[in-house]
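Written out below as structure tokens is the structure these notes cover.
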Amino acid sequence: MSDIRNRTDFTGKRHIVLITGGSGSGKSAFAENLVLEQEAENRYYLATMQIYGAEGRKRVMRHRKLRQGKGFETLEYPTDIAACIGKIYQPADAVVLLECMSNLVANEMFTENGTIQQELVIQKIRQHLRKLFETAGYSIIVTNNVFEDGKCNPYINGLRGYAAYENYAPETIAYIEALGMINIWLAEQADTVYEVVAGQAVCWKAKDRE
Numbered sequence: 158m159s160d161i162r163n164r165t166d167f168t169g170k171r172h173i174v175l176i177t178g179g180s181g182s183g184k185s186a187f188a189e190n191l192v193l194e195q196e197a198e199n200r201y202y203l204a205t206m207q208i209y210g211a212e213g214r215k216r217v218m219r220h221r222k223l224r225q226g227k228g229f230e231t232l233e234y235p236t237d238i239a240a241c242i243g244k245i246y247q248p249a250d251a252v253v254l255l256e257c258m259s260n261l262v263a264n265e266m267f268t269e270n271g272t273i274q275q276e277l278v279i280q281k282i283r284q285h286l287r288k289l290f291e292t293a294g295y296s297i298i299v300t301n302n303v304f305e306d307g308k309c310n311p312y313i314n315g316l317r318g319y320a321a322y323e324n325y326a327p328e329t330i331a332y333i334e335a336l337g338m339i340n341i342w343l344a345e346q347a348d349t350v351y352e353v354v355a356g357q358a359v360c361w362k363a364k365d366r367e
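First residue of the sequence shown? That's 158 in this note's numbering, and the numbers climb one at a time after it.
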């Protein structure tokens with residue numbers, strides 16, 4: 158693990174990290190620890206969770222308690238994440254942790270006025286992320302692996318594409334595909350890519366420092 162962490166020393170250059178994993182994999186804890194290991198004084202937690210009802214508020218309070226004392230400033234942007242840039246102090250020297258991409262895609266796609274077209278959601282999120290990457294010195298993006306549900310196993314009977322998701326509503330299919338395409342784009346943009354499984358981080362991509 159120490160060797161992996163040494164390859165994620167952000168000092169002196171802009172750096173993008175993508176962290177993926179399933180629910181309860183430990184990816185969030187890994188991401189926070191990665192932030193805390195950096196020397197940057199300004200650490201921002203870009204929260205994308207949309208709060209609904211008492212259960213949602215309870216979950217948010219739990220997350221805030223877990224981050225307490227770690228030096229994070231929380232920025233809550235369930236949508237329109239580029240709007241947070243003006244609130245980041247000395248952005249070139251700041252670490253921004255976005256948690257998480259699956260929430261952001263859902264919030265941008267499913268609105269009070271209906272479902273937004275998949276292509277428009279992808280385009281908007283990419284544009285906002287580009288602005289964040291251009292501004293912040295260090296960007297750490299947490300995303301979710303939602304592609305291995307038994308009901309949408311693409312290997313059953315050799316199915317591919319929409320046919321593999323026949324048990325889902327079209328809107329859900331559009332969401333899964335949008336998140337997948339954004340994850341692929343993020344992996345291309347990232348300097349470092351981790352997958353966290355059962356609390357253990359596997360490094361799939363690590364560009365040599367310039």
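From the three backbone atoms N, C-alpha and C, an ideal C-beta is built for every residue, glycine too.
Secondary structure of Val253, DSSP reduced to three states: strand
Environment of Glu189 [buried if 16+ CB atoms lie within 10 Å]: buried
Top-ranked residue by Cα proximity to Ala197, from Gly356, Ala249 and Leu336: Ala249
Stretch-stretch touch, CB-based, cutoff 8 Å, three pairs: the stretch 172–190 with the stretch 345–357: yes
Given Ala186 as reference, the closest of Ile173, His172 and Tyr202 once Cα atoms are compared: Tyr202
Residues of its chain near Ala263, where Cβ-Cβ distance is below 7 Å and the 5 sequence neighbours each way are ignored: Tyr332
Alpha-carbon spacing of Ile313 relative to Ala335, whole angstroms: Note that Ile313 scores 48 on pLDDT, short of 50, meaning its location in the model is unreliable and no value can be drawn from it.
Assigned secondary structure, Lys364 (DSSP; H/G/I helix, E/B strand, else coil): coil
Same chain only: Cβ atoms within 6 Å of Val350, ignoring 5 sequence neighbours per side: Leu175, Ala344, Trp361 and Lys362
Inter-residue spacing [alpha-carbon to alpha-carbon] between Gly178 and Gln247: 30 Å
Distance between Asn340 and Thr329 (C-alpha atoms, nearest Å): 16 Å
Assigned secondary structure, Tyr234 (DSSP; H/G/I helix, E/B strand, else coil): coil
Straight-line Cα distance separating Asp237 from Ile298: 15 Å
Spatial neighbours of Leu114 in its chain, beta-carbon cut-off 6 Å, leaving aside the 5 residues before and after: Outside the modelled stretch of the chain, which goes from 158 to 367, sits residue 114, for which no answer is possible.
Backbone secondary structure at Glu194 - three-state DSSP: coil
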